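In this note's numbering, the protein residues as written are 79 to 527. Each residue gets a CB set at the ideal place from its N, CA and C atoms; glycine is no exception. Owing to the predicted nature of the structure, the values given are computational and were not obtained by experimental measurement. Data block below; observations after.
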Amino acid sequence: MNVCIVGTGYVGLVSAACLAETGNHVYCVDINEDVINRLKNGDIHIYEPGLGEIVRRNIAEKRLFFTASLEEGMVDSMFVFNCVGTPPNPDGSCDLSAVFQAARQIGCHLSDYRIVVNKSTVPVGTADKIKEIISEELKRRQVDIPFDVVSNPEFLKEGDAVNDFMKPDRIIIGTDNADTAELLSDLYAPYARSRDKLIVMGVRSAEMTKYAANCMLATKISFINEMANICESVGADIRDVRVGIGSDHRIGYHFIYPGLGYGGSCFPKDVKALIQTALDVNYRPGLLTAVEEVNYQQKFRMVEKVKTYFSDKGGVAGKTIAVWGLSFKANTDDIRDSSAIYLSSALIDAGMRVRGYDPVAGENARAYFRGNPAFEIAADQYDMLDAADGLAVLTDWNQFRNPNFKMIRQKLNFPIIFDGRNLFPTSTISRFGLGCIRVGRPEISTTEG
């Protein structure tokens, strides 16, 4: 099939590459000609494991094309996927300006029946507005061309997006047109060979499903973090509590890992957006509001633990902390709403110097803190420890899970690790004479072992 993808961001590029991978001819459109020229040469502008290889292979095999012309992209394409960005507005609502602009342009170039597929994360009712915009453009052109608007939300995890697209848990199709649903079923058939994964529902229900899914996951994260905070106060160990509750199949173990709070481009934005959607219809979303508040507070709890540790050691001012991990999670270079960035900023404000290392997000963090002399990026995770006063591990990259503890102990001025991801076993930390301050778990002092 011929497919047009509007937008070469995270969702658009992954979708384009994966659709091309199963034999479709895909035109990827973006108004940024610099990005288009880079992509034509196989130069990927976002970090996602495995994506570059798929893009370059499908360019070489002439199934994946990049253009700045929407007209060119649409000319033979039955499906036009709207994958442009939807950043948050200051009030937390979704900025739909790019979505609506893309819809107007689609209306300008529509020449035959097309299925317009909304893959961007958008509030309930957006598909109806897009339909109105396209209809207005057709009326302005004085032409009567049939089209359908479908909701097909993405469920891609950063760091594992290619696998999520190729082997999805479910494929949500929001439409009331059975013929349209059948055409999309054909398009997605290669990704549902083991079982039927297509779930067809109303457009508004499909739009709501995306928000409900992300808000549910965010709720689980805030819940386990609140339990961890209570554990710290009552002397319980969240690791044991997690095992105890996760063994109940109604709860399970997924997404109940305590840490520093959720971040990235999806959960923070989507929770805020659904809160605003609810307020717009005069409903007060108490649970979602609490989820967001717990998450915000969680990002700063480790800051207070750092300050408390150094309070009898001259305070934090003038000291240097080494930070392992700057992305909001492992396997991505995304630092948006990253707890590591929050913590680094807060400690700099308190007078500390921050020396950061991340396998792929270092340059993004450097750009974020550009011009701030209290922040620096290191090229090596061990060299950066020289004369540092402590180590904070804030992202769970695999290379941080079993480090050289002996070297860490030798290099740090104070033998302390602030483990924001609960990566390190008590016995290992104690054996090397290190102290460790964790999330929801008893602190390890340097006198143990």
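Query                                                                                                                                                                    : Result
Among the candidates Leu276, Thr297, Asn360 and Gln183, whose CA atom is the shortest distance from the CA of Pro246?                                                    : Leu276
Since Gly440 is in the beta strand (DSSP E), which residue starts that stretch and which ends it?                                                                        : Taken as a continuous stretch (DSSP letters only), Gly440 belongs to no beta strand (DSSP E), being part of the alpha helix (DSSP H) at Gly440 to Tyr446.
Classify Ile507 as helix, strand or coil using the three-state DSSP reduction.                                                                                           : helix
Going by DSSP, what residues sit across from Gly252 in a beta bridge?                                                                                                    : Ser229 and Met279
Quick check on DSSP: helix, strand or coil for Glu521?                                                                                                                   : coil
For Ile193, does the three-state DSSP call read helix, strand or coil?                                                                                                   : strand
Just curious, the alpha helix (DSSP H) that Glu149 is in, first and last residue?                                                                                        : Leu148 to Met152
Give the C-beta separation of Ser189 and Asn160 to the nearest angstrom, bearing in mind that I take them to be a contact with Cβ-Cβ under 8 Å.                          : Rounded, the Cβ-Cβ distance is 18 Å, inconsistent with contact.
Rounded to whole angstroms, what is the Cα-Cα separation between Lys209 and Val227?                                                                                      : 6 Å
Contact between the segment 120 to 134 and the segment 83 to 99: three or more CB pairs below 8 Å?                                                                       : yes
Quick one: grab the DSSP three-state call for Glu526.                                                                                                                    : The predicted position of Glu526 is uncertain, since its pLDDT is 38 and thus under 50; no value can be drawn from it.
Helix, strand or coil for His327, going by three-state DSSP, please let me know.                                                                                         : coil
Considering only their Cβ atoms, is the gap separating Ile329 from Thr258 smaller than 9 Å?                                                                              : no
Starting from Gly468, follow its DSSP beta bridges and name the residues at the other end.                                                                               : Ile399
Would the segment 488 to 502 and the segment 461 to 473 be scored as touching if the rule is three or more Cβ pairs under 8 Å?                                           : yes
I need the boundaries of the alpha helix (DSSP H) containing Leu74, first residue and last residue.                                                                      : The first residue shown for the chain is 79 and the last is 527, placing residue 74 beyond what the model contains.
Beta-carbon within less than 8 Å of Phe178's beta-carbon, same chain only, minus the 5 sequence neighbours each way: which residues are those?                           : Lys207, Ile208 and Ile211
Taking three-plus beta-carbon pairs below 8 Å as touching, is the segment 506 to 516 in contact with the segment 422 to 439?                                             : no
Taking contact to mean at least 3 C-beta pairs separated by less than 8 Å, is the segment 392 to 404 in contact with the segment 314 to 332?                             : no
Relative to the C-alpha of Ala296, which candidate in Asp169, Leu490, Tyr335 and Ser272 has its C-alpha closest?                                                         : Tyr335
Between Ala205 and Ser229, how many whole angstroms is the CB-CB distance? I'm expecting something under 8 Å.                                                            : 5 Å
In three-state terms, what does DSSP make of Leu338?                                                                                                                     : coil
Measure the alpha-carbon distance for Ala466 versus Leu366 and round it to whole angstroms.                                                                              : 39 Å
On the three-state DSSP scale, how would you describe Ile299?                                                                                                            : helix
Measure the C-alpha to C-alpha separation of Gln477 and Val278 and round it to an integer number of angstroms.                                                           : 42 Å
Restricting to Cα atoms, I'd like to know which of Arg134, Leu352 and Gln183 is closest to Asp169.                                                                       : Leu352
Whose C-alpha, out of Ile515, Val84, Pro166 and Gly511, is nearest the C-alpha of Ala146?                                                                                : Val84
Since Lys407 contacts Gly237 with CB under 8 Å, what's their CB separation in whole angstroms?                                                                           : 7 Å
Buried or exposed for Gly280, please, with buried defined as at least 16 other CB atoms from any protein chain shown within 10 angstroms of its CB.                      : exposed
For the alpha helix (DSSP H) containing Cys186, name the first residue and the last one.                                                                                 : Ser175 to His187
DSSP on Arg516, reduced to helix/strand/coil?                                                                                                                            : coil
Between Asp264 and the rest of its own chain, which residues show a CB-CB distance below 8 Å, the 5 nearest in sequence each way excluded?                               : Met79
Enumerate in chain order the residues of its own chain whose CB-to-CB distance from Pro268 is below 8 Å, with the five nearest sequence positions on each side excluded. : Thr100 and Gly101
Since Thr145 sits in a beta bridge, which residues does DSSP pair it with?                                                                                               : Val107
Taking 7 Å as the limit between beta carbons, can you name the residues of its chain near Tyr387, skipping five residues before and five after?                          : Ile494 and Ile515
Measuring straight from C-alpha to C-alpha, what distance separates Tyr289 and Asn196?                                                                                   : 14 Å
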